[in-house]
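**Student:** Pasting in a structure now, in structure tokens, and then I'll have a few things to ask.
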Amino acid sequence: MPESCPMDEDAFWELVDRSDRETDTRKKRLAWLDGELSRRSAEEIADFSMWWDSATSRLCTWDMYAVYCYVFSRQSFNAFEYFVNWLVSLGRVAFEQVAADPDSLVELPEFLRLMKVLRARIAAGKYPVWSVNEEPEFELLAYVTFEPYRKATGLDTSHLGDVVHARGVHAKFPLLGENFDGEEWDFEDEAEIGRRLPRVASYLGIF
Numbered sequence: 005m006p007e008s009c010p011m012d013e014d015a016f017w018e019l020v021d022r023s024d025r026e027t028d029t030r031k032k033r034l035a036w037l038d039g040e041l042s043r044r045s046a047e048e049i050a051d052f053s054m055w056w057d058s059a060t061s062r063l064c065t066w067d068m069y070a071v072y073c074y075v076f077s078r079q080s081f082n083a084f085e086y087f088v089n090w091l092v093s094l095g096r097v098a099f100e101q102v103a104a105d106p107d108s109l110v111e112l113p114e115f116l117r118l119m120k121v122l123r124a125r126i127a128a129g130k131y132p133v134w135s136v137n138e139e140p141e142f143e144l145l146a147y148v149t150f151e152p153y154r155k156a157t158g159l160d161t162s163h164l165g166d167v168v169h170a171r172g173v174h175a176k177f178p179l180l181g182e183n184f185d186g187e188e189w190d191f192e193d194e195a196e197i198g199r200r201l202p203r204v205a206s207y208l209g210i211f
């Protein structure tokens, strides 16, 4: 990872966090980021993309995928990617917490609020249970650099990917097979769930 660049890691997270503070819908948030990035140089836009790929790749682990599968009762590589995008969208503090300890997802205030909404709406028989601004997926956030980079350079997104790769950063997403970091383990083994993810197991009533 470059030691210095026009947009360092702190500046990347400041943009992510500000985009949340200064908007109240996802559509507005995407527009805000588009506007901010469109005022930056092509190199800064590539920096943002590099830090994005670095952040999302940190969450591409077997334990994080297990947490996702158990908590949301589904297995999907695409949906897991969008879930990781949502985790990044929560900001640096929440991101660093789950990156260091995926089991701590069930302690995040944002997650707990989401589950409260989910349970209340299911109890009331309301479907879908989440609005577009609530669901724990944020696919479009991953594409926010595309149009600003095209406008700045006249080049397509494949060139942006090449620039990021040239800096030594290789995105884990989109997943092509089981491209997870960490030790693979049997998700169907409840004893293993309790050992590796005790807070998730307790939250779900497995133990």
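For the sequence shown, the residue numbers in the working numbering are 5 to 211.
Glycine residues also receive a C-beta, built at the ideal position from the N, C-alpha and C atoms.
Nothing here was measured: the structure is a model prediction, and the numbers come from that model.
Which of helix, strand or coil does DSSP assign to M5?
**Tutor:** With a pLDDT of only 47 at M5, under 50, the local geometry of the prediction cannot be trusted, and the value read off the model is given with reservation. Note: M5 maps to coil in three-state DSSP.
**Student:** Residues in its own chain within less than 8 Å of F81 by CB, not counting five upstream and five downstream?
**Tutor:** Excluding residues within five positions, the ones whose Cβ falls inside 8 Å are P178 and L179.
**Student:** Looking only at its chain, what residues have a beta carbon closer than 8 Å to the beta carbon of V133, apart from the 5 residues adjacent to it on each side?
**Tutor:** Result list for V133: V121, L122, R125 and I126, in chain order.
**Student:** Flag this pair as yes or no: are the beta carbons of A50 and V136 separated by less than 7 Å?
**Tutor:** No, the Cβ-Cβ distance between A50 and V136 is not below 7 Å.
**Student:** How far does the alpha helix (DSSP H) with D12 in it extend, from its first residue to its last?
**Tutor:** D12 -> no alpha helix (DSSP H), and no H or E assigned at all.
**Student:** What residues in its chain sit with their C-beta under 7 Å from that of E196, if we drop five residues either side in the sequence?
**Tutor:** Around E196: W189 and D190.
**Student:** Cα separation between G129 and Y69?
**Tutor:** Spanning the two alpha carbons is a distance of roughly 29 Å.
**Student:** Should R62 be listed as close to the ligand FMN, given that the test is whether its C-beta is under 6 Å from any heavy atom?
**Tutor:** Among the ligands in the structure shown, none appear at all, so the ligand FMN cannot be discussed.
**Student:** Can you tell me whether DSSP reads T29 as helix, strand or coil?
**Tutor:** Reduced to three states, the DSSP call for T29 is coil.
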